[in-house]
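Per the numbering used here, the sequence shown starts with residue 116, numbered consecutively. Glycine residues also receive a C-beta, built at the ideal position from the N, C-alpha and C atoms. In this text the structure is predicted, and so the values were computed from the model without any measurement. Below you'll find the structure, written out as C-alpha cells, and then a few comments.
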Amino acid sequence: MAQAALELASPVSVELTSARTLAEKWLPGLAALYGLFAIAGAVVGKDTVNDLSDDARNGLFATLAVGAFLAALSIVLGYAAAFGWLRIGKGQDVSTDDKLLRWYGTKGRKAVVSVARRLWIAVGTALGSLACLIVSLGLVWLGPPRKPVTAPVTVTYLQNGQTAAKASLCGTITADPTPQHIALRVTDGPATQTISLPAAWVEKMEPTKSC
C-alpha cells in the first residue's frame, strides 16, 4: 500500500485539486448574480410593470423567470464543481495496489472532466442569466406602453345648438382634429362611425358601463 499511497499524489490528483480550487474561485462571481436580480427587482417595480402592454409584461415575466432559473442552476453547478456531489459508491474491490491505483486513476480522470464540465456549464448559465436580466431591463425601459382604455360615455347635446332640441349619443371619445370639437366614436351594430360635435353644444357627459 505504500507504493499506492505515493501514486495517489500523482498528476491526476494535483489536477483535480487545481480544478476544484479554480471552480471555488468562481463562486463569488456566480453568487453575485442574485445581487443583480435584487437590483433589478427594485427597478422593475409594480407601477413600472403596470405601464407596459400585455405582451411586454408577459415577455418580462418570462425573461425574469428564465433568468432566475439559470442563476440558480449556475450556483448549484458552481458549488458542485468546487466541492463535488454526494454519490454512493458501488463497492469496488481495492484490496491490492494495482486495483486501488486503477480505481483511483479512473475516478480521478472522470472527476477532473466532471469539474471542468460543471464549471463551464455554470459560467454559461450565468452569462445566460445576465443576458435575461439585460433583456428584462430593456423591456422595462423600451417596451411598448399599455394602450389607455377609454370608458364609454353618454353625451347629451343640443341639436344645432338649440336648447329645445336635445339628443344623446353613447360612445368613446377620440381625438378630433377640429378645434373646439369633441369626437365620439359610436358603434351601431356592425358599423362604427365618428361623430364630431361642437364643444358648445355639449350639455353634459356621463360615464357608463356600456352603450
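Can you give me the Cβ contacts of L185 inside the same chain, cut-off strictly under 8 Å, excluding the 5 residues immediately before and after it? Position 70 of the sequence shown, counted from the start, is the residue given in the question as residue 185. For L185, where only same-chain residues beyond five positions count, the Cβ hits under 8 Å are T240, A241, G243, S244 and C247.
Which of the three DSSP states, helix, strand or coil, is assigned to A298? As a position in the sequence shown, residue 298 is number 183, starting the count at 1. The answer is strand: DSSP assigns A298 an E or B state.
Unbroken stretches of the alpha helix (DSSP H), 4 residues or longer, contained in the stretch 135-192: 161-165
CB P259 to CB S168, shorter than 7 Å? Locating residue 259 in the sequence shown gives position 144, counting from the first residue. Locating residue 168 in the sequence shown gives position 53, counting from the first residue. Cβ distance < 7 Å, so P259 and S168 count as in contact.
Do you know whose CA, among L273, T289, A290 and I288, lies nearest A282's CA? Locating residue 282 in the sequence shown gives position 167, where the first residue counts as 1. Taking only the C-alpha atoms, the option nearest A282 is L273.
Taking the beta strand (DSSP E) that K262 falls in, what are its first and last residues? Counted from its first residue, the sequence shown places residue 262 at position 147. Element bounds for K262: n/a, residue is neither H nor E.
Between A290 and R233, is the Cβ-Cβ spacing less than 7 Å? Locating residue 290 in the sequence shown gives position 175, where the first residue counts as 1. Locating residue 233 in the sequence shown gives position 118, where the first residue counts as 1. No, Cβ-Cβ distance for A290 and R233 is not below 7 Å.
Where the beta strand (DSSP E) through S325 begins and ends: Sequence index remark: in the sequence shown, residue 325 carries index 210 (1-based). Run containing S325: none; DSSP gives neither H nor E here.
With H, G and I counted as helix, E and B as strand and the rest as coil, what does DSSP make of T293? Taking the sequence shown and counting its residues from 1, the one referred to as residue 293 is at position 178. Per DSSP, reduced to three states, the secondary structure at T293 is coil, with no helix or strand assignment.
I203 to A187 span [Cα, whole Å]: Taking the sequence shown and counting its residues from 1, the one referred to as residue 203 is at position 88. Taking the sequence shown and counting its residues from 1, the one referred to as residue 187 is at position 72. Summary for I203: the model assigns pLDDT 49, below 50, so the residue's position carries little reliability, and this model does not support an answer.
Can you list, in chain order, the residues of its chain whose CB lies under 7 Å from that of L145, leaving out five sequence neighbours each side? Here residue 145 refers to the residue found at position 30 when the sequence shown is read from its first residue. If we look at L145 and ignore the five residues flanking it on each side, its Cβ neighbours are S189, I190, G193, A237 and A241.
Taking its Cβ as the centre, do 16 or more other Cβ atoms sit within 10 Å of W235, making it buried, or is it exposed? Reading the sequence shown from its first residue, position 120 is the one you call residue 235. It is exposed - the Cβ of W235 has fewer than 16 other Cβ atoms within 10 Å.
Give every residue of the same chain whose Cβ lies closer than 8 Å to the Cβ of S325, excluding the five residues on either side of it in the sequence, and list them in chain order. As a first step, residue 325 is located in the sequence shown; it is residue number 210 there, counting from the start. Excluding positions up to five away in sequence, the list reads P267.
May I ask which residues mark the beginning and end of the beta strand (DSSP E) holding P305? Along the sequence shown, read from residue 1 onward, the residue named residue 305 stands at position 190. It is not in any beta strand (DSSP E) - P305 carries neither H nor E in the DSSP assignment.
Return the bridge partner residues of A282 from the DSSP annotation. Walking along the sequence shown from the start, residue 282 turns up at place 167. Answer by DSSP bridge pairing, in chain order: Y272.
Inter-residue Cα distance where the pair is A177 and I310: On the sequence shown, position 62 is the one that residue 177 refers to. On the sequence shown, position 195 is the one that residue 310 refers to. Straight-line measurement puts the Cα of I310 at about 42 Å from the Cα of A177.
Would A195 count as contacting chain B if we go by Cβ distances under 7 Å? In the structure shown, chain B does not exist; there is a single protein chain.
Count the other CB atoms within 10 Å of the CB of L257; is the residue buried (16 or more) or exposed (fewer)? The count along the sequence shown starts at 1 and reaches residue 257 at position 142. With fewer than 16 Cβ atoms within 10 Å of its Cβ, L257 is classed as exposed.
Cα separation between T278 and D303? Along the sequence shown, read from residue 1 onward, the residue named residue 278 stands at position 163. Along the sequence shown, read from residue 1 onward, the residue named residue 303 stands at position 188. Distance between the alpha carbons of T278 and D303 is about 26 Å.
Measuring alpha carbon to alpha carbon, tell me which residue in G174, A147, T307 and L312 is nearest H296. Your numbering for residue 296 matches position 181 in the sequence shown. Of G174, A147, T307 and L312, the residue nearest in Cα terms is L312.
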